[in-house]
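Structure, as structure tokens:
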Amino acid sequence: MKIYLDTIGCRLNQSEIETMARRFRAAGHEIVVSAAMADLAVVNTCAVTNEAAADSRAKIRQIGRAGVNEIVATGCWATLQPGQAKDLPNVLRVVTNDRKDQLVPDLLNLPQESFELEPIAREPLPGLHRRTRAFIKVQDGCDNHCTFCVTTIARGEGRSRPVADVILDIESALQGGTKEIVLTGVHLGSWGQEFDEHLRDLINVILRETDVPRLRLSSLEPWDLDADFFSLWDSSSSLRAGSRLMPHLHLPLQSGCESTLRRMARKTTPQTFRDLVAAARQAIPDVAITTDIIAGFPGETDEEFAESLAFVRELNFAGGHIFTYSPRPGTGAARMKGQVRPELRKERNHILHAALEESAKAYRQKFVGRTMSVLWESTS
Numbered sequence: 007m008k009i010y011l012d013t014i015g016c017r018l019n020q021s022e023i024e025t026m027a028r029r030f031r032a033a034g035h036e037i038v039v040s041a042a043m044a045d046l047a048v049v050n051t052c053a054v055t056n057e058a059a060a061d062s063r064a065k066i067r068q069i070g071r072a073g074v075n076e077i078v079a080t081g082c083w084a085t086l087q088p089g090q091a092k093d094l095p096n097v098l099r100v101v102t103n104d105r106k107d108q109l110v111p112d113l114l115n116l117p118q119e120s121f122e123l124e125p126i127a128r129e130p131l132p133g134l135h136r137r138t139r140a141f142i143k144v145q146d147g148c149d150n151h152c153t154f155c156v157t158t159i160a161r162g163e164g165r166s167r168p169v170a171d172v173i174l175d176i177e178s179a180l181q182g183g184t185k186e187i188v189l190t191g192v193h194l195g196s197w198g199q200e201f202d203e204h205l206r207d208l209i210n211v212i213l214r215e216t217d218v219p220r221l222r223l224s225s226l227e228p229w230d231l232d233a234d235f236f237s238l239w240d241s242s243s244s245l246r247a248g249s250r251l252m253p254h255l256h257l258p259l260q261s262g263c264e265s266t267l268r269r270m271a272r273k274t275t276p277q278t279f280r281d282l283v284a285a286a287r288q289a290i291p292d293v294a295i296t297t298d299i300i301a302g303f304p305g306e307t308d309e310e311f312a313e314s315l316a317f318v319r320e321l322n323f324a325g326g327h328i329f330t331y332s333p334r335p336g337t338g339a340a341r342m343k344g345q346v347r348p349e350l351r352k353e354r355n356h357i358l359h360a361a362l363e364e365s366a367k368a369y370r371q372k373f374v375g376r377t378m379s380v381l382w383e384s385t386s
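Position in the sequence shown (first residue = 1) + 6 = our numbering.
Rendered as structure tokens:
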């Protein structure tokens with residue numbers, strides 16, 4: 007059977023779609039690069055914003071128009087709106103997140119253990135999936151309750167994958183030609199909480215037991231880290247962590263205003279975030295610190311926005327993402343009073359984006375004239 011796989015949204019979704027591809031191939035099926043060539047399509051949807059949900063619906067419709075008569079919808083939007091997903095043209099089945107790990111064996115009517123096979127070479131998938139980098143899922147779900155976030159509703163409680171399973175996935179990716187491993191999770195920094203371990207323990211095991219040349223971390227909540235965490239990048243380590251662990255930290259701030267952070271139910275303050283960034287920069291040479299900011303969160307006054315903007319400029323981030331606030335069904339923020347006008351949200355997004363672009367440019371200029379080790383993802 008010829009199968010087309012596509013995904014919208016986060017790196018975790020990308021990791022999951024790659025795992026599905028590996029399982030379909032192990033069962034003897036072919037992954038195709040175009041929906042028009044497929045007998046079956048699987049779409050891993052996203053619901054983090056209204057735009058992501060709309061993109062998910064549009065993607066499913068587009069695949070149906072391409073001639074795929076059997077579409078499986080999974081992921082966060084399909085989990086939150088299974089009825090709407092099932093009503094879309096040519097959707098054969100909706101698989102919610104709690105059954106996503108069983109999606110391939112359920113579709114093929116095979117036992118789960120059929121896919122615990124020896125590693126196979128990775129092959130690139132359409133779109134964002136390339137040979138050079140593999141996204142490895144180490145954790146799922148989240149026990150935080152940020153008032154803007156629908157992902158915690160869609161993904162459920164936090165849970166960590168065992169070290170042995172993570173190592174197997176990494177070894178498989180390395181044998182397939184991957185040069186960089188990216189650890190992903192909804193709440194990556196909580197890895198190991200069920201068995202009294204910390205993410206730093208997983209990182210040390212990976213560096214010790216594999217030959218991964220480049221290891222990168224995806225998004226980390228600031229309250230999961232302390233100054234000691236940054237000692238992982240110590241260049242004097244026998245694990246050569248200083249050269250193998252990428253000097254990049256993505257630390258979601260969401261707002262630089264303390265009162266807004268309280269409404270968001272974020273477990274940080276501007277001062278604690280400032281101190282954490284200072285510790286990271288002191289410990290890790292040339293570290294790239296990127297972030298996420300929400301523009302126009304409910305109740306955000308002109309003064310609060312100005313406070314947030316000033317903080318973003320002060321921190322001199324190396325880049326990041328600005329999200330225009332989008333009310334998500336079932337979240338606390340959607341029920342808050344003082345919803346900011348959509349046009350004002352967009353205006354604040356543009357201002358914040360310009361500030362991030364300015365600091366990102368300044369960060370890049372530090373490397374002008376220096377010889378750096380880089381990983382090519384594409385030649386085009």
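Using N, Cα and C, we set each Cβ at its ideal position, and we do this for glycine too.
Check                                                                                                                                                                                 : Outcome
Who are Y10's beta bridge partners in DSSP?                                                                                                                                           : A47
Within 8 Å, do at least three Cβ pairs link the stretch 327-346 to the stretch 354-373?                                                                                               : yes
What span of residues does the alpha helix (DSSP H) with L221 cover, start to end?                                                                                                    : Premise fails: L221 lies in the beta strand (DSSP E), 220-223, not in any alpha helix (DSSP H).
Using the C-alpha atoms, what's the distance from T25 back to A58?                                                                                                                    : 22 Å
Does the contact criterion of 3 or more C-beta pairs under 8 Å hold for the stretch 12-31 versus the stretch 292-302?                                                                 : no
Mind reading off the beta-carbon distance from R161 to D175? Whole number of angstroms is fine, and I expect it under 8 Å.                                                            : With a Cβ gap of about 19 Å, R161 and D175 do not count as contacting.
Report back the beta-carbon spacing between T55 and C82 to the nearest angstrom; my notes put them in contact at under 8 Å.                                                           : About 11 Å separates the two Cβ atoms, so there is no contact after all.
What would DSSP say about D293, mapped onto helix, strand or coil?                                                                                                                    : For clarity, residue 293 is Val in the given sequence; the question names Asp instead. Three-state DSSP puts V293 in coil, outside helix and strand.
Which term fits S178, buried or exposed, when burial requires 16 or more other beta carbons within 10 angstroms of its beta carbon?                                                   : buried
Going along the chain, which residues of its own chain have a beta-carbon closer than 7 Å to the beta-carbon of M378, five neighbours each way excluded?                              : none
Please work out which residues of its chain come closer than 6 Å, Cβ to Cβ, to C263, disregarding the five sequence neighbours upstream and downstream, and give them in chain order. : E310, E313, S314
I'd like to know if the stretch 155-170 and the stretch 29-44 are in contact, where contact means that at least 3 CB-CB pairs between them fall below 8 Å.                            : no
Just to confirm my understanding: we take L282, look at its own chain, exclude 5 residues before and 5 after, and list those with CB closer than 6 Å. What are they?                  : P228
Using the beta-carbon count (16 or more within 10 Å), is F279 buried or exposed?                                                                                                      : buried
What does a CB cutoff of less than 6 Å around V156 pick up in its chain, not counting 5 residues either side in sequence?                                                             : A53, R334, T337
Name the one or two DSSP bridge partners that R370 has.                                                                                                                               : According to DSSP, R370 bridges with nothing at all.
Got a sec? Which residues, its chain only, sit under 6 Å from H327 by beta carbon, not counting five neighbours each side?                                                            : D298
Just to confirm before moving on: does the CB-CB distance between L231 and H256 stay below 8 Å?                                                                                       : no
For V211, which residues of its own chain have a beta-carbon under 6 Å away from its beta-carbon, when the five flanking residues on both sides are left out?                         : V169
According to DSSP, simplified to helix, strand and coil, what is A41?                                                                                                                 : helix
Report the three-state DSSP secondary structure of E36 (helix, strand or coil).                                                                                                       : strand
Label V172 either buried or exposed according to how many other C-beta atoms from any shown protein chain fall within 10 Å of its C-beta, with 16 as the threshold for buried.        : buried
Work out the CA separation of A339 and I300 for me, nearest whole Å.                                                                                                                  : 12 Å
T330 lies in the beta strand (DSSP E); which residues open and close that run?                                                                                                        : 325-330
Ends of the beta strand (DSSP E) at L381?                                                                                                                                             : Element bounds for L381: n/a, residue is neither H nor E.
Return yes when the Cβ of K65 is within less than 8 Å of the Cβ of D12, no when it is not.                                                                                            : yes
Starting from K92, trace the alpha helix (DSSP H) in both directions and tell me its first and last residue.                                                                          : 88-93
Could you tell me if E306 is buried or exposed, where buried requires 16 or more neighbouring beta carbons within 10 angstroms of its beta carbon?                                    : buried
Pull up the distance between the alpha-carbon of Q371 and that of G325, whole angstroms please.                                                                                       : 13 Å
By a C-beta neighbour count over all protein chains shown, 10 Å radius and 16 as the cutoff for buried, is A233 buried or exposed?                                                    : exposed
Using the Cα positions of N322 and V48, report the straight-line distance between them to the nearest angstrom.                                                                       : 40 Å
I'd like to know whether the C-beta atoms of T138 and T184 end up nearer to each other than 8 Å.                                                                                      : yes
Among the residues of its own chain, which have a CB less than 8 Å from the CB of T153, if the five just before and after it don't count?                                             : R269, M270, A271, T337, G338, A339, M342
For G198 and I14, I'd like the C-alpha separation in whole angstroms.                                                                                                                 : 27 Å
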